[in-house]
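Undergrad: Mind looking over this structure? Questions follow.
Written as structure tokens, this is what we have:
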């Protein structure tokens, strides 16, 4: 058990104990007051005692001791009546009852102002003898019987309450500390390189903040695992791509040594492989800079429509040699502050990629347009358009083999090559650089297969 478990356990237990002590104290004080009130054997005085004493005085004055005995007999048989003592000068009760000890002591002292003798009266009977009348209210017999019963010991409920509070506090502390222990173990596992670790299975069906934290941890671990796997794959692909031109360079150098008469041809081969290596390293540096978010050249204001038209013209000139063509459609002027060289390379990569994969005798279609987005006006149900805001879209379509639907996102990963394009030349970095360049400008790039065959790539750039 960790420290958090014990802190939570004692905090919950202390709170339960304090609550139990508070409630128990209130109940105990109430019962003590009730027991003290109920344990009083008699209540002297009061309006009912005064009425009874008045009646008894009348009976004693007019009928004497004999009538008083008859009245006491009837009153003794009536339930709920007060207990009336008629005491003669000798300290004996007229009805022959034994006087309570406190009443005998009060009678001996002659104090009629307080205690059990408060409210007592002295009455002169017809026979000339003086009697003392005392009225006392006794508790009902049934209730007195309950009061006289032995009260159960409080030890059993106290022990049961302590055990119940211990069990409840332990369960609550375990419920709070268990997911935190799972998270701690998962963090330790990730720090040791076990990126496949997940905590959601150990959370069960929890729907609280700790479960949300566990889900956030799983997303973080999944993202880290994907990034590290991507880096490892990138390192592997870079090593593979560098190995081929280096091997060709090594072979060309060996050939030059063995056949000096072919030196000119060999040097051309070495130069060609060096250029390819330079291009590969340049693209890798560009990709690395984009993924790291390193600031590039300061933005400059250019005409995006003119830039796309220039790229289309250059690509069309190169495509004619292989029996392909490039058609561009777009008009007007669309200016924006962008990193011109980076964005130029992004669009050029997409266009050259389409020209490379489109079938012989077909054309690559490039459409550039400014799409103005509608904005809600202040009047309900109406909208207006703003010429100062919108999106610049570049749609590049080819008539190549297309891409499997499952790989439409994968083509933007570095060094990706579809199985149906294995015979083409390139490193698989162009679309990856294009997407990251457009995303760095706040835009997005997506791809879809065209009806009838081919791929369509759309680049969207927000305009300020």
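In the UniProt record's numbering, the protein residues as written are 1 to 464. Every residue gets a Cβ at the ideal spot worked out from N, C-alpha and C, and that includes glycine. Computed from a prediction, not measured in an experiment: that's the story for all the values here.
1. Could you give the distance in angstroms between the alpha-carbon of residue 303 and the alpha-carbon of residue 449?
2. Does the distance from the C-beta atom of residue 351 to that of residue 392 stay below 9 Å?
3. Mapping DSSP to helix, strand and coil, what is residue 236?
4. For residue 401, which option in 353, 229, 120 has the closest C-alpha, if you only look at C-alpha atoms?
5. Please report the residue range of the alpha helix (DSSP H) in which residue 329 lies.
6. My understanding is that residue 102 touches residue 94, with C-beta atoms under 8 Å, so please give their C-beta distance in whole angstroms.
7. Would you decide whether residue 205 is buried or exposed? Buried here means 16 or more other CB atoms lie within 10 Å of its CB.
8. Would you mind stating whether residue 312 and residue 253 have Cβ atoms separated by less than 9 Å?
9. So which of 318, 265, 368 has the shortest CA-CA distance to residue 307?
10. Would you kindly work out how many angstroms separate the C-alpha atoms of residue 51 and residue 134, rounded to a whole number?
11. Would you give the residue range spanned by the beta strand (DSSP E) that residue 303 belongs to?
12. Could you check if residue 438 is buried or exposed, using at least 16 other CB atoms within 10 Å of its CB as the buried criterion?
13. Would residue 347 and residue 434 qualify as a contact pair, given that the criterion is a beta-carbon distance under 9 Å?
14. Any idea what DSSP makes of residue 372, helix, strand or coil?
15. Work out the CA separation of residue 232 and residue 239 for me, nearest whole Å.
16. DSSP has residue 390 in a bridge; who is on the other side?
17. What are the boundary residues of the alpha helix (DSSP H) that residue 200 is part of?
18. Might you give, ordered along the chain, the residues of its own chain that have their beta carbon closer than 8 Å to the beta carbon of residue 278, omitting 5 neighbours on each side?
19. In whole angstroms, what separates the C-alpha of residue 326 from that of residue 270?
20. I'd like to check one pair, residue 213 with residue 429: are the Cβ atoms closer than 9 Å?
21. Quick one: measure Cβ to Cβ for residue 461 and residue 336, integer angstroms, because I've assumed they're closer than 8 Å.
22. Hey, how far is the Cα of residue 416 from the Cα of residue 363?
23. Could you give the distance in angstroms between the alpha-carbon of residue 221 and the alpha-carbon of residue 190?
24. Strictly by DSSP, which residues pair up with residue 50?
25. So, are the CB atoms of residue 224 and residue 195 less than 9 Å apart?
26. Flag this pair as yes or no: are the beta carbons of residue 67 and residue 131 separated by less than 9 Å?
27. What three-state label does DSSP hand residue 450 in the structure shown?
28. Assuming residue 65 and residue 125 are in contact, meaning their beta carbons sit under 8 Å apart, how far apart are those beta carbons, in whole angstroms?
TA: Walking through what the data contain:
1. Their Cα atoms are separated by approximately 29 Å.
2. No; because the gap between Cβ atoms is not below 9 Å, this pair is not in contact.
3. Of the three classes helix, strand and coil, the one that applies to residue 236 here is helix, per DSSP.
4. The alpha carbon of residue 401 has as its nearest neighbour, out of 353, 229, 120, the alpha carbon of 353.
5. That residue, residue 329, is in no alpha helix (DSSP H); its beta strand (DSSP E) goes 325 to 329.
6. Approximately 19 Å separates the beta-carbon atoms of residue 102 and residue 94; this is outside 8 Å, ruling out the contact.
7. By the beta-carbon neighbour count (other beta carbons within 10 angstroms, threshold 16), residue 205 is exposed.
8. Cβ atoms of residue 312 and residue 253: not closer than 9 Å.
9. Selected option, being the one with the closest Cα: 368.
10. Per the coordinates, the alpha-carbon of residue 51 lies some 12 Å from the alpha-carbon of residue 134.
11. Counting along the chain, the beta strand (DSSP E) containing residue 303 begins and ends at 300 to 303.
12. Residue 438 should be labelled buried.
13. In this structure, residue 347 lies near residue 434, with their beta-carbon atoms less than 9 Å apart.
14. In the structure shown, the three-state DSSP call for residue 372 is coil.
15. Just so you know, the alpha carbons of residue 239 and residue 232 end up roughly 11 Å apart.
16. Partner(s): 463.
17. For residue 200, the enclosing alpha helix (DSSP H) covers residues 200 to 203.
18. In its chain, beyond the 5 residues on either side, no residue has a beta carbon closer than 8 Å to the beta carbon of residue 278.
19. Spanning the two alpha carbons is a distance of roughly 32 Å.
20. For the 9 Å CB-CB criterion, residue 429 and residue 213 do not form a contact.
21. Contact check for residue 461 and residue 336: beta-carbon distance about 7 Å, within the 8 Å limit, so the pair qualifies.
22. Going by C-alpha positions, residue 416 is about 24 Å away from residue 363.
23. Those two C-alpha atoms are separated by around 7 Å.
24. Answer is none; residue 50 lacks a bridge partner.
25. For residue 224 and residue 195, yes; Cβs fall inside 9 Å.
26. Going by C-beta atoms, residue 67 is not nearer than 9 Å to residue 131.
27. The DSSP-derived three-state label of residue 450 is coil.
28. About 6 Å separates the CB atoms of residue 65 and residue 125; that is less than 8 Å, so the two are in contact.
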